[in-house]
Amino acid sequence: MHSKFARVIIDRAIRRELDYAIPESLSARVGIGARVRVPFRDRRALATVVALLEETNAKGIREIEAVIGEGPTLSEPLLQLARWIASYYCCPIEAVMRSLLPQVIRRAEVGWKKQQFVETGSIVTSERMEALRRRAPRQAELLEELTKANAALPAAEILRRLSLNVSTLQALVKRGLLKISERAVARDPHAGEQFIPGPELLLNEEQTAAFATIVRAISSAEKAKPILLHGVTGSGKTEIYLQAIRETLTRNRTAIVLVPEISLTPQTVERFKSRFAESQDDVAVLHSHLSEGERHDEWHKVHSGRARIVIGARSAVFAPLKNLGLIVVDEEHETSYKQEEAPRYHARDVAVVRAKIEKAVVLLGSATPSLESYHNTLTKKYELATLTQRVDNCQMPLIRVIDLRQEQRSERAPILSERLRTAISARVAKREQTILFLNRRGFSTSLLCSKCGKARDCPNCSVALTFHRSMSRLNCHLCGHTAAVPKKCPECGQDALIYVGFGTEKVESTVAQIFPNAVVKRMDADSMSRKEAYRETLRAFRAGKIDILVGTQMIAKGLHFPNVTLVGIINADLALHLPDFRAGERTFQLLTQVAGRAGRGETPGEVFVQSYTPFSPSIQFARHHDFAGYVEQELEFRERCDFPPFKHAVLITVHSAHQERGKFSAETLRRKLREALPEEFMVAEAAPAPLEKLSGQYRFHILLRGSAITRLSRLIRETLDKLPMPEDVAVAVDVDPYQLL
Ligand code: ADP
Ligand code: ZN
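Residue numbers (our numbering): 1253 to 1993.
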């Protein structure tokens, strides 16, 4: 018996689910999770079926027009996950649906790539072949090749291989000796790469113990807690992931590996592909650099069950694997797992919930776990597995903190302290490699008038424009606004402009001047705008063709370079003084991660941390590799101030091009929230955001905190629904925010 009606969620946001009748002709194909086309108002819309019904109270019911794709596109567990995201993150379900399915799948506009295949037609007698060989040797060659193959081969490929042209093929087709057919082929982003099967390594003692915990969880997944694998950089976490995947596959279940976009390097993918190389189709890769076609193919490879392992960035948490058994979240502390537009979900937390829905195991790994996850191990919500030693028994690098206040002999801030300079010089002489890290792009961070004191600010944002020497222009890093460099101060007309502050571009040029014999290269979003530039630079660095690599966070993560024996952190204070309760945590993580780059080979590494606040706890604890000490004091601070992980935070941003209207709306909303919310929830006053103006929008913040987050989300939603905002005022709700500026 087929159902009569389907309840659907329309892609366009209307925040309501609608019922449609299922016509007889489509009834076999309309299931939960199917994509359909429906009439909507005076137009058509695409929608997802979320329930099947026998009856409905809806009036003026209309019919589903068509089903898109073959079967259900979304599984029931994924629909359940979508509902959870919508309610937890206070976000319309349509927006969640948009994130759940890549656009190429939602719209079904891109199909499989078609390729022409050729195979033999009728059987050819040996006399006929002999005759052909005499009259048309090229045709004979092609025909023989295909007879030998006894299968359909891609036409273009075989012609290329035999150096023949199309006319030869066409002649044979005309004679009825060959047949041409069109077939769908997968566009493989890793085609042509060879993967040599890598052996499983013998786990060391610590790894064995950690792995045992994981295997225990895998064998009783329905009641397993999430596992946090806290292992110092180079302790062999990835090897454990690989073996946990193997363990999962042998139980006929599938696995997702999430890595931060920035660590999704060919090197990473290769490690997974080669371990499971016996059947390369097993591993699918999902990330933002795929072409539409590639994304289509990889997605279907997963959906059809051909791929059993998915590696990808944030959105791969929605990979349509069936029978999911394991989700690995590598570098679980990474803030790039948080999506900064609606739905503002955190992929690690979504992974934990998806694993629960699908009765799978979730394994979070990091050298510097987030306080949220670590706190969950203290309260026994998560299980903890620890790796304290590097696999190669390398020493942890020596971290030296340099007090920049002592260095300021000249009036200008130094880029390299005397000691860092000496250390680099020693490395250059020994032909060892150095990484210099600064999380700020550009040449000078502002252009100031030394007479009137005015800086060149972005007209759209409340930040100074950065000077980029390579472009000879001023640039806003927030909205992309660019401006010519003025000769005189546009404010007071005097010829007194000076450049202040520095970014990676200036570090690169200064270092190149100081060490004329060294090869210096920069790696940041400016110099790496081409996709290949990134690979090329890494390859050159690995091959030892670069002595000093200067870069932003692009180089801070997960890269292995045995010959790097020195890491310099040019300014450790950059993150520390942001108005963000996670500033200390970020600094600790950054220092620890960057330090993990040094000394992975034979030679022990050295790290120099330059700072004007060398005694701040996050720097000192990082220096002593003291995670436990750091966590203890940081948790105490968070608890005292009612910050996460003790309370959930929700940040509401009200923004408008009109300052007054934005302010008024924010204050009104704040008042309504205070009235609607029980006392247990804290509602801060509406206040201008630290970054008050962004892309021409004035921004106001309301910070809320509380324990019962689902309830808080619901009450916020209800309050917002009852409070119409002026047309030019927009509101964004961010649950568990990471971006507090
Ligand atoms: P992490 O992910 O913790 O940074 P990796 O898994 O990348 O560490 O391991 C670091 C290096 O040690 C890699 O080259 C890896 O192949 C190697 N390795 C890991 N486990 C073992 C082991 N049990 N025996 C030998 N080498 C190992
Ligand atoms: Zn701007």
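Even glycine gets a Cβ: it sits at the ideal position worked out from N, Cα and C.
As the structure is a prediction and not an experimental result, all values here were calculated from the model.
Distances taken from the Cβ of residue 1733 to the heavy atoms of the ligand ZN include one shorter than 7 Å. One thing to note: residue 1285 has its Cβ within 8 Å of the Cβ of residue 1331. The set of residues whose C-beta lies within less than 6 Å of a heavy atom of the ligand ADP reads, in chain order, 1453, 1454, 1455, 1456, 1459, 1483, 1485, 1486, 1487, 1488, 1489, 1490, 1491, 1643.
Between residue 1585 and residue 1621, the C-beta spacing is below 8 Å. Within the segment 1556-1598, complete beta strand (DSSP E) segments of at least 3 residues are found at 1561-1564, 1576-1582, given in chain order. The beta carbons of residue 1968 and residue 1800 sit no closer together than 8 Å. For residue 1698, the uninterrupted beta strand (DSSP E) segment begins and ends at 1698-1701. The ligand ZN has a heavy atom closer than 7 Å to the beta-carbon of residue 1730. Judged by the Cβ position, residue 1691 fails to qualify as a neighbour of the ligand ZN at the 7 Å threshold, every heavy atom of the ligand being at least this far.
Not one heavy atom of the ligand ZN sits closer than 7 Å to the Cβ of residue 1698.
In this structure, the straight-line span from the alpha carbon of residue 1605 to that of residue 1570 is close to 11 Å. Under the three-state reduction of DSSP output, residue 1313 falls in the coil class, being neither helix nor strand.
The criterion of a C-beta distance shorter than 8 Å is not satisfied by residue 1824 and residue 1781.
In the DSSP assignment, the residues bridged to residue 1636 are 1480. Per DSSP, residue 1497 is one residue of the alpha helix (DSSP H) stretching across 1489-1502. Residue 1738 counts as exposed, since fewer than 16 other C-beta atoms from the protein chains shown sit within 10 angstroms of its C-beta. In this structure, the straight-line span from the alpha carbon of residue 1630 to that of residue 1900 is close to 17 Å. Annotated three-state conformation of residue 1520 is helix, per DSSP. Residue 1431 sits in a strand when the DSSP states are folded into three classes. Excluding its 5 nearest sequence neighbours in each direction, residue 1955 has C-beta neighbours in its own chain below 7 Å: 1901, 1903, 1936, listed in chain order. Residue side-chain check: residue 1713 places its Cβ nearer than 7 Å to a non-hydrogen atom of the ligand ZN. With contacts defined as CB atoms closer than 8 Å, residue 1478 and residue 1616 qualify as a contacting pair. For the pair residue 1836 and residue 1691, the Cα-to-Cα distance works out to about 15 Å. Scanning its chain for C-beta atoms nearer than 6 Å, with the 5 sequence neighbours on each side dropped, one finds no residue around residue 1387. With respect to the C-alpha of residue 1374, the residue from 1318, 1459, 1432 having the closest C-alpha is 1432.
The nearest non-hydrogen atom of the ligand ZN is 7 Å or more from the C-beta of residue 1567. Counting along the chain, the unbroken beta strand (DSSP E) around residue 1945 starts and ends at 1939-1946. DSSP places residue 1803 inside the beta strand (DSSP E), whose first and last residues are 1800-1803.
In this structure, residue 1346 lies near residue 1263, with their beta-carbon atoms less than 8 Å apart.
The Cβ-Cβ distance between residue 1857 and residue 1818 falls below 8 Å. Closer than 7 Å to some heavy atom of the ligand ZN: that describes the Cβ of residue 1947. CA-CA distance, residue 1498 to residue 1828, rounds to 41 Å. Judged by their CB atoms, residue 1756 and residue 1802 are nearer to each other than the 8 Å cut-off.
By the Cβ test, the segment 1515-1529 is in contact with the segment 1559-1566, since at least three Cβ pairs between them sit closer than 8 Å. Residue 1644: not part of any beta strand (DSSP E); DSSP gives it neither H nor E. Of 1333, 1255, 1595, 1653, the smallest CA-CA separation from residue 1984 is found for 1595.
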